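Protein sequences, first through last, are from chains A and B.
Counting in the numbering used here, the first sequence runs from 1 upward without gaps.
Counting in the numbering used here, the second sequence runs from 1001 upward without gaps.
Worksheet: one structure, shown below.
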Amino acid sequence: MSAAWSLLGRQTWLYSRFELQRLLLTPRGWFALAAFSTIWYLLLRYPIYQASVQLQEPEIQQMLSSMLGMVGMYNLMNWSLPELSVYWALTVLLMPLAVLFSAADQTCSDRSRGTLRFLTLRSSRDSIFFGRFIGQMLVQALLLGLSLLATLALAVWRIGELPIAAVNAALVIWLNLLIVLMPFTALMALCSALVKSSRLAISLAIVSMGGVAGLLGYLVWHFPDLRSVLGYLPGAQLPMLLGAQGWDTLKHSGLPLLQTLVLLTAGRFVMQEKAI
Amino acid sequence: MSYLIEARHLTKSFGQQQVLQDLTFSLPAGEPIALIGPNGAGKTTLFSLLCGFLPPSSGELTVLGHKPGSSALFGRVSALPQDAMLDPNFSLLTQLSFFGQLQGMSKTAALAESHRVLSLVDLAASAEQKATALSHGMRKRVAIAQALMGSPELVMLDEPTAGLDPVNALQVRQLIADLSGEASFIISSHNIFELERLCGTVLYLEHGRLVQQSAVRSASTQGYLTLTLEAGSYPDLLPTLRSLPGVIAVSDRQKYEYVLQFDAELAPDFDLTVLMALRQHGWRYRQLTKGQTLEQQLFAVTAKQA
């Protein structure tokens, strides 16, 4: 039994590492890195830098604090650097959408091309499925880490020093973002296992999320007592997360972790049962 | 006795369509096994079941005593799946060595093994290329190379020479013949002459049913000669052949090719008798083969069943 687990662990790690290799050592990965760098240059240069400068003005700070306080997000202003406040607000809202695209091709192309056939003769479907998912999370961890470092570098350039509190805050943001992105990556693992192209996987993810939200909205309209079920949708914790601050943000991690578990269980079932 | 493959009442359906129907057979390790059948007979589906790509609808199937796809078969069973391609983003060497690592090799050993199998299929010079830069035939050879990584006990090849030029097809056949002492091969092909040369056992599938399982050089081929003549005019050939001592029947299935059935006990030197008759009439022959060809053997049986 332990030999089987050891084999699963070893093969899963090989698949995860191969995803990093795909990002760092292939032209397709370099292209993705170049696109990522360009987008982040534009985000840092314009919205983040400009907003951080504006946020130094006490009047603007006061106005924003009262506006955000009205929607329960007063703490958004309390990150140790204004750059991190803008980074946090931008990424927590934009990255889940970006992940629907970047993590769409976990297994689908390999299935349509027949490459999965070469792989399943040597490794379990579990190791492929979980290895690719973990690989995607590693890629996101690396890219988010790089973008956070760039944000900190921007702050250092503006104020001439790097407060320890800012490093701590960056770590909290990095960890939170990974947890936020986990269910979306798991959703794409499931969709990728169901269809044969990344385009279809993206469409399926958007339609299924919209469909579930629409269905629940309809049910809540007719049965208002069911309102609480809306809080279980992927991303439902994001408004609360934006209202929290520091390590307190991690208290909202339960829901995304649970959603990840459910989606991965469903994805594993599909991967096991589906013809290759 | 432990078998290479055992199937019991195996069926596979896609929706309402039953592609494989109640297959029961056992295959021992040893000489290569041929899987033959017309298009749509279910050969590729049976291959997919054996590799664990598809689950059976009902029945039992074991490969080397394990369920197909089981982790106990990793590295022991390999295959050339039909139309499967490598990832176009990585070089052949990167992918093959990754496969080797999945099979439990160290990085160095996997690289060395990748070079070895690429050399076997004459693609050592293309190791750093990507699959998209290769011709169809070269891709097929890479797919064969990956099936030879490590020391598999069973190698299943689906149409291994389809799309290859004659020189490479010959090379692949030679490779299979050379390696057949180290591993058991199952080969699916439409090229009946290729299977005849390589295989010892034949599974003939038709409409999803197992029509025949037999040895290629079985006793049923005794008492037959296949005569191929050079192109030309042969008046009275059939009456002459039919009048030879010991002849039971003569049939002409193809132009210039005749199958002579004879009584092997009454005429033990029947081949000499035929050669003498040819010489006497000045008829030039191209080939005289003992037994029937696999094609004649198979289609005679299926024709009788029909």
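No residue lacks a Cβ here, since even glycine has one placed at the ideal position from N, Cα and C.
Note that this is a predicted model, so its numbers are computed, not measured.
Please state whether DSSP places residue i in a helix, a strand or coil.
i, result
"Met1138 (chain B)", "helix"
"His1281 (chain B)", "helix"
"Leu81 (chain A)", "coil"
"His252 (chain A)", "helix"
"Gly1059 (chain B)", "strand"
"Lys1290 (chain B)", "strand"
"Leu119 (chain A)", "helix"
"Gln1103 (chain B)", "coil"
"Ile276 (chain A)", "coil"
"Val195 (chain A)", "coil"
"Asp126 (chain A)", "helix"
"Tyr15 (chain A)", "helix"
"Ala1215 (chain B)", "strand"
"Ser1078 (chain B)", "strand"
Roughly how many angstroms separate the alpha carbons of residue i and residue j, rounded to a whole number?
i, j, result
"Ala1219 (chain B)", "Glu1196 (chain B)", "Note on Ala1219 (chain B): pLDDT 47, under 50, position unreliable in the model; the coordinate value appears next. Roughly 15 Å between the two C-alpha positions."
"Arg1209 (chain B)", "Gln1021 (chain B)", "5 Å"
"Leu1205 (chain B)", "Tyr1003 (chain B)", "20 Å"
"Leu1203 (chain B)", "Ile1187 (chain B)", "10 Å"
"His1136 (chain B)", "Leu1164 (chain B)", "8 Å"
"Arg1173 (chain B)", "Leu1198 (chain B)", "7 Å"
"Tyr1256 (chain B)", "Asn1191 (chain B)", "21 Å"
"Thr1273 (chain B)", "Asp1252 (chain B)", "19 Å"
"Thr1024 (chain B)", "Gly1200 (chain B)", "19 Å"
"Leu973 (chain B)", "Gln56 (chain A)", "Within the shown structure, residues of chain B are numbered from 1001 to 1306, placing residue 973 (chain B) beyond reach of any answer."
"Val1259 (chain B)", "Arg1141 (chain B)", "37 Å"
"Gly1015 (chain B)", "Arg1284 (chain B)", "56 Å"
"Ala1127 (chain B)", "Leu138 (chain A)", "29 Å"
Output needed for residue i: all residues of its chain with C-beta closer than 7 Å, excluding positions within five of it in sequence on either side, in chain order.
i, result
"Pro96 (chain A)", "Val180, Leu181, Phe184 and Gly235"
"Met240 (chain A)", "His252"
"Met1085 (chain B)", "Ala1131 and Arg1139"
"Ala205 (chain A)", "Leu100, Leu187, Met188 and Cys191"
"Gly29 (chain A)", "Arg22 and Leu23"
"Ala1267 (chain B)", "Pro1245, Gly1246 and Thr1273"
Using beta carbons (cut-off 7 Å, strictly below), is residue i in contact with chain C?
i, result
"Phe133 (chain A)", "Protein chains in the displayed structure are A and B, and chain C is not among them."
Under a CB-based cut-off of 7 Å, is residue i close to chain A?
i, result
"Ala1219 (chain B)", "Its pLDDT being 47, under 50, Ala1219 (chain B) is placed unreliably in this model, and the value from its coordinates should be taken loosely. Closer than 7 Å: no."
"Leu1049 (chain B)", "no"
"Phe1099 (chain B)", "yes"
"Leu1010 (chain B)", "no"
"Leu1120 (chain B)", "no"
"Pro1056 (chain B)", "no"
"Ala1145 (chain B)", "no"
"Asp1083 (chain B)", "yes"
"Asp1087 (chain B)", "yes"
"Ser1013 (chain B)", "no"
"Leu1102 (chain B)", "yes"
"Phe1262 (chain B)", "no"
"Ser1071 (chain B)", "yes"
Quick one: using the 10 Å Cβ neighbour count with 16 as the cut-off for buried, is residue i buried or exposed?
i, result
"Asn168 (chain A)", "exposed"
"Phe1262 (chain B)", "buried"
"Thr151 (chain A)", "buried"
"Thr265 (chain A)", "exposed"
"Glu273 (chain A)", "exposed"
"Trp79 (chain A)", "buried"
"Pro1038 (chain B)", "exposed"
"Ala1306 (chain B)", "Interpretation of Ala1306 (chain B) is limited by its pLDDT of 48, a score under 50 that renders its predicted location unreliable; no figure is taken from the coordinates."
"Ile1176 (chain B)", "buried"
"Val1121 (chain B)", "buried"
"Gly1282 (chain B)", "exposed"
"Tyr46 (chain A)", "exposed"
"Thr1108 (chain B)", "exposed"
Would you please verify whether the beta carbon of residue i is less than 7 Å from any beta carbon of chain B?
i, result
"Gln245 (chain A)", "no"
"Ala275 (chain A)", "yes"
"Arg122 (chain A)", "yes"
"Leu242 (chain A)", "no"
"Leu23 (chain A)", "no"
"Leu14 (chain A)", "yes"
"Thr107 (chain A)", "no"
"Thr260 (chain A)", "no"
Within a Cβ cutoff of 6 Å, which residues of the same chain sit near residue i, ignoring the five residues on either side of it in sequence?
i, result
"Ala278 (chain A)", "What is shown of chain A runs 1 to 276, which leaves residue 278 (chain A) out entirely."
"Leu1288 (chain B)", "Leu1227"
"Gly1150 (chain B)", "Gly1075 and Gln1103"
"Pro82 (chain A)", "Ser52 and Leu55"
Can you give me the Cβ contacts of residue i inside the same chain, cut-off strictly under 8 Å, excluding the 5 residues immediately before and after it?
i, result
"Ala189 (chain A)", "Ala103, Gln106, Thr107, Phe129, Arg132, Phe133, Gln136, Leu263, Leu264 and Gly267"
"Cys1051 (chain B)", "Pro1068, Gly1069, Val1077, Ala1079, Pro1081 and Met1156"
Quick check: is any heavy atom of the ligand FAD less than 6 Å from the C-beta of residue i?
i, result
"Asp1271 (chain B)", "The ligand FAD is not among the ligands present in this structure, which contains no ligands whatsoever."
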